[in-house]
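Numbering (my numbering), first residue to last: 5 to 297. Using N, Cα and C, we set each Cβ at its ideal position, and we do this for glycine too.
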Amino acid sequence: MKVAFIGLGNMGLPMALNLLKAGYEVTGFDLVQSQLNSFREAGGVSAQNVAEAVQDADVIISMLPASRHVQTLYLGDSGLLTVANRDALLIDCSTISPKVSQEIAAVAKEKGFAMIDAPVSGGTGGAQAGTLTFMVGGEVQDVEKGRPLLEKMGKNIFHAGANGSGQTVKVCNNMLLGIQMLGTSEALRLGIANGMDPKVLSDIMAKSSGRNWALELYNPCPGVMENVPSSKDYAGGFGVDLMLKDLGLAVENAQNLEASIPLGKLARHLYETHSNAGNGQLDFSSVFRLKED
Ligand code: NAD
């Protein structure tokens, strides 16, 4: 089976490499030459443009930064939908707006393509280890066609519902994660202000009703846990600006639907403040340092 992989960035490159390792013939394309070189050096075939990458492909996967990149890739004048083989299954793994995802899938369907959205959770570590969680939206037969491939890049493959549902789950999950990280940081800071050892406080809350993923596996207070960004000056991990992008998607989505998300809006504001203070590239758990003023 021939696979085309568009977008070989922090996530796309290791995902494409896992498909190569699993024995798929993978042709990759990225606008950045150094990413293409890394892919070629690891055994992949590099293409010079989208048309070259997707010719003869049975499955086309995209992993791009945001909605506008995905719109241009699929719907642009000489975009993917004008050059790809109509039998190809299209899988967009980028995190984008559910509405945009639905719109692109509708145009793809009109042109005779099968398309699913399959955003991921698990970060660059999960992409390298092949343990990502995929949240998939689309028709059952298309999801099942893509499943064997997704299983080579991830551990959990969930069919969420119709086209766009994968993106909806991703937006809800990351909004909850962003809020959870803020709440966990706040509780830890209050304990520390009371003279508590943050490790003792974390251990007790982790066995009490305040337990959550940020507290137990990604503790934002430096020194509480080894091998998490907070203990490495907040380097690596999931950037503040990526969290800000996902919270922006949540706010936009809620506005479109007149859904009420006061905490999501507040979280977006707080991560924005933190980013504007020059912390955009740090891991998102660095909001632990955010002061009230
Ligand atoms: P990235 O910026 O590292 O990679 C995106 C790549 O797409 C870049 O190399 C860029 O050159 C390329 N690109 C952009 N437009 C292109 C085009 N038209 N044709 C070909 N290549 C193009 O981003 P990333 O960290 O790999 O994230 C990709 C997506 O995954 C984003 O939507 C992000 O929100 C989501 N995501 C990221 C993480 C993470 O931890 N990094 C975790 C989960 C989900």
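Point to revise | Of the residues 83, 19, 284, the one placed nearest residue 125, counting alpha carbons only | key: 19
Review point. Per DSSP, residue 158 is paired with what?
Key: 136
Check your understanding: So, residue 87 versus residue 49, is the Cβ gap smaller than 9 Å?
Key -> no
Point to revise | Same chain, Cβ closer than 8 Å to residue 60, neighbours up to 5 away in sequence not counted | key: 6, 89
Exercise for review: Determine which residues share a DSSP beta bridge with residue 4 and list them.
Suggested key: Because the chain is modelled from 5 through 297, residue 4 falls outside the range shown and cannot be assessed.
Practice item. Mind checking who residue 125 pairs with in its DSSP beta bridge? Key: Under DSSP, residue 125 forms a beta bridge with 137.
Practice item. Going by DSSP, name the residue or residues bridged to residue 243. Key: Note: residue 243 is bridge-paired with 287 in the DSSP secondary-structure output.
**Study point:** Nearest residue (CA-CA) to residue 65, options 293, 159, 162, 34
**Key:** 34
Practice item. Please name the residue or residues paired with residue 265 in a DSSP beta bridge. Key: DSSP lists no partner for residue 265.
**Study point:** Sheet register partners of residue 305 (DSSP bridge)
**Key:** Not covered by the structure: residue 305. The range shown for the chain is 5 to 297.
Exercise for review: Kindly confirm or deny that the region 129-137 and the region 185-195 touch, where touching means at least three C-beta pairs closer than 8 Å.
Suggested key: no
**Study point:** Given 8 Å, three or more beta-carbon pairs between the region 271-289 and the region 233-245
**Key:** yes
Practice item. Under the assumption that residue 85 contacts residue 115 (Cβ atoms under 8 Å), give the Cβ distance between them as a whole number of angstroms. Key: 5 Å
**Study point:** Delimiting residues of the beta strand (DSSP E) encompassing residue 66
**Key:** 63-66
Exercise for review: Taking residue 196 as part of the alpha helix (DSSP H), name the residues at either end of that continuous run.
Suggested key: 169-197
Practice item. Indicate, with yes or no, if ligand 1 has a heavy atom lying under 8 Å from the CB of residue 61. Key: no
**Study point:** Contacting residues, own chain, Cβ-Cβ under 6 Å from residue 178 (five flanking each side not counted)
**Key:** 250
Exercise for review: Check residue 130 in the structure and name its three-state DSSP category.
Suggested key: helix
Exercise for review: Kindly provide the ranges of any beta strand (DSSP E) runs that are 3 or more residues long and lie completely inside the region 49-119, ordered along the chain.
Suggested key: The qualifying runs are 63-66, 93-96.
Point to revise | Candidates 275, 217, 185: closest to residue 245 by CA position | key: Ranked by Cα distance from residue 245, the options 275, 217, 185 are led by 275.
Review point. So what's residue 164 in DSSP terms, helix, strand or just coil?
Key: strand
Review point. Is the closest heavy atom of ligand 1 to the C-beta of residue 159 under 8 Å?
Key: no
Exercise for review: Consult DSSP for residue 222 and reduce its assignment to one of helix, strand or coil.
Suggested key: coil
Point to revise | residue 26: first and last residue of the uninterrupted alpha helix (DSSP H) it sits in | key: From DSSP, residue 26 is part of no alpha helix (DSSP H); its letter is neither H nor E.
Review point. Residue 79 and residue 120 look like a contact to me (Cβ under 8 Å); what is the Cβ gap, rounded to whole Å?
Key: Actually they do not touch by this definition, with Cβ atoms about 17 Å apart.
Check your understanding: Skipping 5 residues on each side, what residues in its chain have a beta carbon closer than 7 Å to that of residue 100?
Key -> 70, 71, 74, 171
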